[in-house]
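J.:
2 protein chains.
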Amino acid sequence: MVIPPMAKITILGAGAMGSALTIPLADNGHDIKLWFTEFDKPILNALAQGREHPRLKTRLPKEISLYGPSSLKEAVEDSEVIVIAVSSKGVYPITQRLRDVGGYEGKIVMTVTKGIEEFNGEFMTMTQVISKNLGGVDIVFVSGPSLAAELSRRMPTHVVYSSVREEVALEAKKIFETQYYRISVTSDVIGTELCAALKNPYAIAYGIVEGYSAKNSVEGYKNLRASMITKSVSEMAEIVSRLGGKKETAFGLSGFGDLYVTCLGGRNGLFGRLLGSGLSVEEAFKEMKARNLGVVEGYANALTLHNFLLRKGIGPRDAPIIHTVYKILYEGYDATKVINVL
Amino acid sequence: MVIPPMAKITILGAGAMGSALTIPLADNGHDIKLWFTEFDKPILNALAQGREHPRLKTRLPKEISLYGPSSLKEAVEDSEVIVIAVSSKGVYPITQRLRDVGGYEGKIVMTVTKGIEEFNGEFMTMTQVISKNLGGVDIVFVSGPSLAAELSRRMPTHVVYSSVREEVALEAKKIFETQYYRISVTSDVIGTELCAALKNPYAIAYGIVEGYSAKNSVEGYKNLRASMITKSVSEMAEIVSRLGGKKETAFGLSGFGDLYVTCLGGRNGLFGRLLGSGLSVEEAFKEMKARNLGVVEGYANALTLHNFLLRKGIGPRDAPIIHTVYKILYEGYDATKVINVL
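Top line first, the protein sequences correspond to chains W and H. Quick note: to get my numbering, add 2 to the position in the first sequence (first position is 1). Quick note: to get my numbering, add 2 to the position in the second sequence (first position is 1).
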């Protein structure tokens, strides 16, 4: 592979995925700045002392320059590419701060943050937030099956970069791609963003079926598990298509691939399994806390998506799994109701 | 659910799936005849003595009439529906025998047997064999994620019945469907048959990645596993589409759903895992035998499909995974080559 000429990249947010991206970037010889939010201070301390990243359990490349919360302007001003890697609720404020300090104009702004959030009564995807607050930048959305810890260990990972102008996604691909970090590109931004936003509640649904299976049978309910994940992907494809994306996006790495890896591990699946084994929502949360796994993203996602889909005219008939997950989490429905959907 | 009026059904072949179908049929109150091939004698003995089915480890309904190999004519002559449930190599001879004894004319002939086989130099799917040897019958192909042992225990199972004339599939659905055995219908017979024929080598490929992962990492390579299964389904969709079927069939229960359940358990996946962990093909077979798991369907399938696809002009560039599996199994390629495909 031809290593592209050195580029200057700033990553905003030192969480798992933002930090993991420094590995392929360093392997490609780029100049990397990592900016820390106010919430990232424990991570900053660890890295500044040469210790491993507390969430990745890996050391990051030595060449990275570290920037504290108050140095946003300095972190971005010389860079060609800015990667937003904060939480989904953090994307709105960080883009406002960027607008205030400047230095983003004419650059490629990428985001590894996924989700749909309600800001001032309006539902927005992450690239819509960026576009609203930072007019005129080229935006690249990153999705696909990529657990950050694996990427940081250079385990084979294949993701999708999407941009309304595909050539921008290709430009980003040239900078980031390595032997172990493969990148496909697409212009179906709304499709990839919807898939990424939808996957967590589907992972909870799958977890419920797994938990129910494990409780009722030693080996079994594999037929049911296969139906569940297949129908989740079909429902996702239907939603994507209704909202202007391509069905095939839901069947590819950004949809099914990412859902699959989410089902293989992670908190949403575990939370679902606890519900499927018979725990109430409250009991499941208690159990998650006892295991030191506080936040279950899909829980908040299910509420937002329920409201978002209703506003778009996509009700329980068109998206039965997602709306049933909502009812299980917020309206006291029995978890096994999700099985009846099938 | 309205139980349809009693129908007379004959199942040819008392293997796992043919026998499991007697459960929903009996629950719906139908008249069931089960005919045994020469290979099924140990099963016949067990059932005739009131013992459980040796492969399903379940007792079959008492009301079933049992027919030995020499009573094919008597087994089929009064029935309205004939279900072929022999091995894929057995479909040609059984349909020839049916033609000889008669009694199939004007009936619905269903098959739960999957695969593509070469007969007299011609590659044929199962419904093509039936159609060739039993002209003029209505054919229904059964596929989807349905492990027979689960169906026989009334665990929730959702399958697909396909027929060139969809109304025939609907007629069969009325007879077979129960609360736990749900049936969707489609007219994309070539699509569902190709998916069913292709899934075993893909399950081997997935197994290789799993075995490789487990050998090299305690937790890991989930990103790779997700990519592998996603790309298998995409490749399957491409093949289906090239050969006249619908891509969406590959993304549904007959394609992805069935592949998923095959990856969750079964011999093909295990065989793949042994290869992925570093064993040679010979060593993997030895290990399978030691575990009393002789036949790995995907091994023979890979050879047939390799030749079939080449004849159809679909080479390694269009179907890299399936051809690589062939090369691993028959040409001494290192198993990890399948990872390079990704």
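Just so it is clear, CB atoms sit at the ideal spot from N, CA and C, and this is done for glycine as well.
(1) Starting from histidine 55 of chain W, trace the beta strand (DSSP E) both ways and give me its first and last residue.
(2) For the segment 193 to 201 of chain W and the segment 116 to 133 of chain W, state whether three or more C-beta atom pairs, one from each stretch, are separated by less than 8 Å.
(3) Sorted by chain position, which residues of the same chain lie with C-beta nearer than 6 Å to glycine 213 of chain H's C-beta, five sequence neighbours on each side aside?
(4) Distance check for asparagine 30 of chain H and methionine 3 of chain H, CA to CA, integer angstroms please.
(5) Report the neighbours of glutamate 173 of chain H on chain W: residues whose CB is nearer than 7 Å to its CB, in chain order.
(6) Contact check, proline 63 of chain H vs threonine 115 of chain H under 8 Å by CB: the rounded distance?
(7) If you follow the alpha helix (DSSP H) that valine 242 of chain W is in, where does it begin and where does it stop?
(8) Would tyrosine 183 of chain H pass as a contact of proline 26 of chain H if the rule is Cβ separation under 9 Å?
(9) So, do the segment 290 to 310 of chain W and the segment 243 to 260 of chain W have three or more beta carbon pairs nearer to each other than 8 Å?
(10) Among H:Glu54, H:Gln51, H:Gly92 and H:Asp102, whose alpha-carbon lies nearest the alpha-carbon of glutamate 350 of chain H?
(11) Which whole-angstrom value describes the C-beta separation of serine 219 of chain H and threonine 188 of chain H, a residue pair presumed to lie in contact below a C-beta threshold of 8 Å?
(12) Give me the chain W residues within the contact set of arginine 99 of chain H, using Cβ-Cβ distance strictly less than 9 Å, ordered along the chain.
(13) On a CA-only basis, which of H:Leu311, H:Pro318, H:Leu281 and H:Met290 is nearest threonine 338 of chain H? Give me that one, please.
(14) Buried or exposed: tyrosine 208 of chain H, going by 16 or more other Cβ atoms within 10 Å of its Cβ?
(15) Assuming contact is defined by CB atoms lying nearer than 9 Å, are isoleucine 206 of chain H and leucine 331 of chain H in contact in what I supplied?
(16) So, do the segment 84 to 102 of chain W and the segment 53 to 68 of chain W have three or more beta carbon pairs nearer to each other than 8 Å?
(17) Against chain H, which members of the segment 201 to 230 of chain W pass a CB distance test of less than 8 Å?
(18) Would a check of beta-carbon distances place glycine 300 of chain W closer than 9 Å to chain H?
(19) Buried or exposed: alanine 171 of chain W, going by 16 or more other Cβ atoms within 10 Å of its Cβ?
(20) Please specify which runs of the alpha helix (DSSP H), each continuous and at least 4 residues long, are wholly inside the segment 97 to 155 of chain H, giving them in chain order.
(21) Quick check on DSSP: helix, strand or coil for arginine 269 of chain H?
(22) Give me the subset of the segment 266 to 286 of chain W whose CB atoms are less than 8 Å from a CB atom of chain H, sorted by chain position.
(23) Would you tell me roughly how many angstroms separate the C-alpha atoms of glutamate 169 of chain H and serine 186 of chain W, rounded to the nearest one?
(24) If you run the structure through DSSP and keep just helix, strand and coil, what is histidine 32 of chain H?
(25) Indicate whether at least one CB of chain H lies closer than 9 Å to the CB of aspartate 260 of chain W.
(26) Between cysteine 152 of chain W and chain H, is there a C-beta pair that is closer than 9 Å?
(27) Along the beta strand (DSSP E) that carries serine 186 of chain H, what are the first and last residues, could you check?
(28) Among W:Ile341, W:Leu14 and W:Gly315, whose alpha-carbon lies nearest the alpha-carbon of arginine 244 of chain W?
(29) Which ranges would you report for the alpha helix (DSSP H) in the segment 52 to 87 of chain H if only whole runs of at least 4 residues count?
(30) Would you identify the three-state DSSP class for serine 164 of chain W, choosing helix, strand or coil?
(31) Helix, strand or coil for lysine 248 of chain W, going by three-state DSSP, please let me know.
(32) Going by C-alpha to C-alpha distance, which of H:Gly146, H:His55, H:Leu136 and H:Ile341 sits closest to alanine 16 of chain H?
(33) Could you pull out every residue in the same chain whose Cβ sits closer than 7 Å to the Cβ of glutamate 40 of chain W, ignoring the five residues on either side in sequence?
(34) In its own chain, which residues sit with a C-beta less than 7 Å from the C-beta of serine 215 of chain W, not counting the 5 before and 5 after it?
(35) May I have the straight-line CA-CA distance separating serine 236 of chain H from glycine 104 of chain W, to the nearest angstrom?
(36) Can you check whether the CB of valine 88 of chain H is closer than 9 Å to the CB of valine 111 of chain H?
T.: Checking against the coordinates, here is how it stands:
(1) Per DSSP, histidine 55 of chain W belongs to no beta strand (DSSP E) and is neither H nor E.
(2) yes
(3) Arg275, Gly278 and Ser279
(4) For methionine 3 of chain H, the predicted structure reports a pLDDT of 47, less than 50, and the residue's modelled location is therefore unreliable. A value from the coordinates is still provided. The alpha-carbon atoms of methionine 3 of chain H and asparagine 30 of chain H are separated by roughly 10 Å.
(5) Residues of chain W passing the Cβ test: none, with the nearest at roughly 23 Å.
(6) Going by Cβ atoms, the distance from proline 63 of chain H to threonine 115 of chain H rounds to 22 Å, so no, they are not a contact pair.
(7) 224 to 244
(8) yes
(9) no
(10) Since the first residue shown for chain H is 3 and the last is 344, residue 350 of chain H is missing from the structure and cannot be characterised.
(11) No, serine 219 of chain H and threonine 188 of chain H are not in contact; Cβ-Cβ is about 40 Å, not under 8 Å.
(12) In chain order: nothing, as chain W lies at least about 32 Å away.
(13) H:Leu281
(14) buried
(15) yes
(16) no
(17) Ser219, Glu221, Gly222, Tyr223, Lys224, Asn225, Leu226, Arg227, Ala228 and Ser229
(18) no
(19) buried
(20) 128 to 135 and 150 to 154
(21) helix
(22) Leu266 and Gly267
(23) 42 Å
(24) coil
(25) yes
(26) A small correction: the amino acid at residue 152 of chain W is glutamate; cysteine does not occupy that position in the sequence shown. So, interface residue.
(27) 183 to 188
(28) W:Gly315
(29) 74 to 78
(30) strand
(31) coil
(32) H:His55
(33) Pro71
(34) Gly222, Tyr223, Leu226 and Arg227
(35) 43 Å
(36) no
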